[in-house]
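Everything below concerns the one structure shown next.
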Amino acid sequence: MLIRPTREDLHLIGHNLGRVLVVVAVASLLPLGWALIARETAPAASFLLMIGVFGSLGYGMMQRPPENSRLEWSHGMVIVGLTWLIVPAIGAIPLELSGHYGSLIDPYFDAMSGLTTTGLTLIQDLDHLATSLNFWRHLLHFMGGQGIVIAVLSVFAGGGAMTLYYGEARDERIFPSVRSTARFIWLVSIVHAAFGILALGAVGYFVLGFRPFRAIFHGVTIFMAAFDTGGFAPQSSSLGYYHSGVFEAVTAVLMVAGALSFGLHFALWRGGRRVIRNLEVRTLFATFLGTLLLTLGGLAGAGVYGSLFGLSRQGIFQILSAHTGTGFATIPSPELASWTGLAFGGVAIAMALGGMGSSTSGGVKSLRVGLTIKALSSQVRQVLLPEGAVISTRYWHHGWKQLNPGLIEAVMGVSLLYVALYLLGAGMGLLYHLPLQAALFESVSAGANVGLSVGVTDPSMPVLLKLTYILQMWAGRLEFVAIFALIGFVISLVRGK
0 MLIRPTREDL
10 HLIGHNLGRV
20 LVVVAVASLL
30 PLGWALIARE
40 TAPAASFLLM
50 IGVFGSLGYG
60 MMQRPPENSR
70 LEWSHGMVIV
80 GLTWLIVPAI
90 GAIPLELSGH
100 YGSLIDPYFD
110 AMSGLTTTGL
120 TLIQDLDHLA
130 TSLNFWRHLL
140 HFMGGQGIVI
150 AVLSVFAGGG
160 AMTLYYGEAR
170 DERIFPSVRS
180 TARFIWLVSI
190 VHAAFGILAL
200 GAVGYFVLGF
210 RPFRAIFHGV
220 TIFMAAFDTG
230 GFAPQSSSLG
240 YYHSGVFEAV
250 TAVLMVAGAL
260 SFGLHFALWR
270 GGRRVIRNLE
280 VRTLFATFLG
290 TLLLTLGGLA
300 GAGVYGSLFG
310 LSRQGIFQIL
320 SAHTGTGFAT
330 IPSPELASWT
340 GLAFGGVAIA
350 MALGGMGSST
360 SGGVKSLRVG
370 LTIKALSSQV
380 RQVLLPEGAV
390 ISTRYWHHGW
400 KQLNPGLIEA
410 VMGVSLLYVA
420 LYLLGAGMGL
430 LYHLPLQAAL
440 FESVSAGANV
450 GLSVGVTDPS
460 MPVLLKLTYI
470 LQMWAGRLEF
480 VAIFALIGFV
490 ISLVRGK
C-alpha cells in the first residue's frame with residue numbers, strides 16, 4: 000500500500016526547494032550586472048523579471064520553517080528532481096523574451112540543455128545574440144556542472160543534506176562534512192576558472208587579435224562550457240569559429256579537468272602518488288585510447304581527410320569532446336554526419352561511456368565500465384577454477400575496496416538504464432523516419448549529456464522529439480534515482496492512503 004505524503008512532508012520539501020530558488024536568484028544577478036555594464040536594456044529587463052520570479056517564489060516557500068528540518072532520503076531525491084525541472088522553466092524566461100526562439104518549448108529545451116551540461120540547442124541566429132544572454136546560457140552550464148544543490152549545501156547544509164548530494168548523482172564525499180565537500184568542489188572550480196579564463200583570454204587577445212572585452216567574453220563563456228563539459232559556444236560554428244590549434248589545446252585541458260572526478264582532483268592536489276592505480280583512471284585512459292584508434296582507423300579507411308595532420312587533429316579533438324561529454328566541435332554538423340562506419344562507432348561509444356563519476360561529465364561513467372569488466376573477469380575465473388573455490392575481487396578507487404554482489408547489481412542496473420535511455424531516443428527518432436545512424440547518434444548525445452549533433456537537433460524537428468530529448472537530458476544528468484523517487488512520490492500523493 001502506498002502511503003500518502005503528509006502536509007509536513009510537502010512543507011519540508013517546499014522549504015528546501017525555496018532555498019534552492021533563492022540561491023539561483025542570487026546567482027542570476029551576474030547576467031543582470033553583465034547586461035547593465037554592456038548597456039543591453041531589453042535583456043536586463045528580462046533578467047529582472049526572472050530574478051523576481053526566482054526570488055519571490057523561493058522566499059515565499061521559505062517563510063515558515065518546518066517543525067522537523069531533517070531530510071529523509073525520499074525528501075532529498077524529490078527536491079533534486081523538482082529542482083532540475085523548475086529552474087530551467089524559470090531560467091528560460093530571458094531566452095523566450097530574446098526573440099531567438101520559434102516556440103515556447105525551444106527556450107525550455109535550451110535551458111534544460113544548459114543546466115544538464117548537454118549543449119544541444121534550438122536557438123536561432125546565435126551569432127547575433129546579446130552578450131548577457133550568451134553569458135546566461137553558459138552560466139547555466141556552470142551552475143548545472145557544479146550542481147545547484149551543491150551551492151545550497153555550501154550555505155544551508157543541515158540534517159539529511161547527504162540525500163541532496165547523492166540526488167545530484169554524486170557519490171564521493173571527500174571530507175566527512177557534506178558542507179566541506181561542497182566547498183572543496185567550489186574551490187576546485189574557482190582555481191580552474193582563474194587559470195582557464197586567463198589562458199583563453201590571453202589566446203584570444205594575443206593570438207586571435209580580439210579586443211580586451213571580447214577576449215574576456217570568449218574566455219569566460221568557453222571556460223564555463225569546457226570545464227563543466229557543456230557544449231554551448233558563443234558562436235554557431237562552435238570551436239571551429241576560432242581556427243586556432245592553441246585555443247583548442249587550452250580548451251582540451253579544461254575539458255579533461257572537467258571530466259575528472261573531484262575526488263581525483265583532491266588526490267592530485269595531495270600528491271597523487273597512487274592515482275595510476277585507480278581503476279577509474281585506467282578505464283578512462285583505455286576507453287579513450289580504444290575509441291580514438293577506432294575513429295582514426297575509420298577516418299583513414301574512408302579517406303575523409305587528405306592529410307595525417309588534419310585526420311589526427313579533427314579525430315583527436317572530436318573523440319576528446321565526445322568522451323569527456325563536452326560536445327564542442329571543430330567541424331560543422333554535416334561533416335560530422337559524414338563520419339560513417341568505424342568513425343561513427345568510435346564517437347558514439349565515447350559519448351555513451353562518458354567521463355568519471357562525481358564529475359561534470361555525463362554517460363555511463365568510467366568507474367561503472369571498469370567495475371563491469373572486473374565483474375565479468377571474476378565470473379570467468381570462477382568458472383575456470385575448481386568447484387567450491389572462492390574468489391575475492393578487489394579494486395583501487397581512492398583506497399582498496401571489495402567488489403561485492405550488491406555493488407555489481409547496482410552498476411549493472413544503472414548501466415542498463417542508460418542503454419534503455421539511448422534506445423528510447425533512437426526509437427523515437429526512427430518513428431520520425433530518421434536514418435538509424437543519425438537517430439542513434441543524437442539520442443546518445445542527449446542521454447549522455449554531450450551535445451554533439453549531426454544536424455537532427457533543429458528548431459523544425461517534431462515537438463515530441465524535442466520532449467524526448469528533454470527527458471533524456473534530465474534523466475541522464477540525475478542518473479535515474481531522483482527521477483524514480485519523484486515519480487513514486489507523485490503516485491503516492493495521488494493514490495496513497
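Positions 0 to 496 (numbering that gives the first Met the number 0) are the ones given, in order, by the sequence shown. Cβ atoms here follow ideal geometry from the backbone N, Cα and C, with glycine treated the same way.
For Val368, the number of other beta carbons within 10 angstroms of its own is at least 16, and it is reported as buried.
Excluding its 5 nearest sequence neighbours in each direction, Leu416 has C-beta neighbours in its own chain below 6 Å: Phe479, listed in chain order.
Around the Cβ of Asp105, a 10 Å sphere holds 16 or more other Cβ atoms; the residue is buried. Taken through DSSP and simplified to helix, strand or coil, Arg393 comes out as strand. Nearest Cα to Glu66 within the set Asp457, Val19 and Ile12: Ile12.
Rounded to the nearest angstrom, the gap between the Cα atoms of Tyr58 and Val363 is 37 Å.
Residue nearest to Leu114 within the set Leu383, Ala225, Met472 and Ala481 is Met472 (criterion: CA-CA distance).
Leu422 has its alpha-carbon roughly 32 Å from the corresponding atom of Gln381. Rounded to the nearest whole angstrom, the C-alpha separation of Arg269 and Arg18 is 34 Å. Thr250 and Ile275 have their C-alpha atoms roughly 24 Å apart. Of the other Cβ atoms in all chains shown, fewer than 16 fall within 10 Å of the Cβ of Phe284; this residue is therefore exposed.
Annotation for Ser365: Glu279, Thr282, Leu283 and Met355 place their beta carbon closer than 6 Å to its own, counting only its chain and skipping 5 residues before and after. Under DSSP, Gln401 takes part in a beta bridge, and its partners are Arg393.
In this structure, Val462 lies away from Ser112, with their beta-carbon atoms at least 9 Å apart.
One thing to note: Ala474 has its Cβ no nearer than 9 Å to the Cβ of Val455. Comparing alpha-carbon positions, the option among Lys373, Ile390, Leu56 and Ala224 lying closest to His396 turns out to be Lys373.
Going by beta carbons, Ala110 and Ser237 fall outside the 9 Å limit.
Using a Cβ-Cβ distance cut-off of 8 Å, the segment 199-210 and the segment 92-99 are not in contact, since fewer than three pairs of beta carbons, one from each stretch, lie closer than that value. Within the same chain, Gly203 come within 8 Å of Arg213 by CB-CB distance, once the 5 residues on both sides are set aside. For Met76, the enclosing alpha helix (DSSP H) starts and ends at Trp72 to Gly90. Non-local beta-carbon contacts of Tyr468 in its own chain, meaning distances under 6 Å to residues more than five positions away in sequence, involve Ala445 in chain order. DSSP, reduced to helix, strand and coil, places Asp227 outside both helices and strands of the structure shown, so it counts as coil. With contacts defined as CB atoms closer than 9 Å, Gly353 and Gly324 qualify as a contacting pair. Sorting Ser360, Gln123 and Ser414 by C-alpha distance to the C-alpha of Asn448 places Ser360 at the top. With three or more CB-CB distances shorter than 8 Å, the segment 297-305 counts as touching the segment 339-347.
Burial state of Arg210 is exposed, judged by a 10 Å Cβ sphere holding fewer than 16 other Cβ atoms. DSSP, reduced to helix, strand and coil, places Gln471 within a helical segment of the structure shown.
In this structure, Ser332 sits away from Leu259, with a CB-CB distance that is not shorter than 9 Å.
About 26 Å separates the Cβ atoms of Phe483 and Ala347, ruling out a contact at the 8 Å cut-off. If you look at Gly203, you'll find it isn't in any alpha helix (DSSP H); DSSP assigns it neither H nor E.
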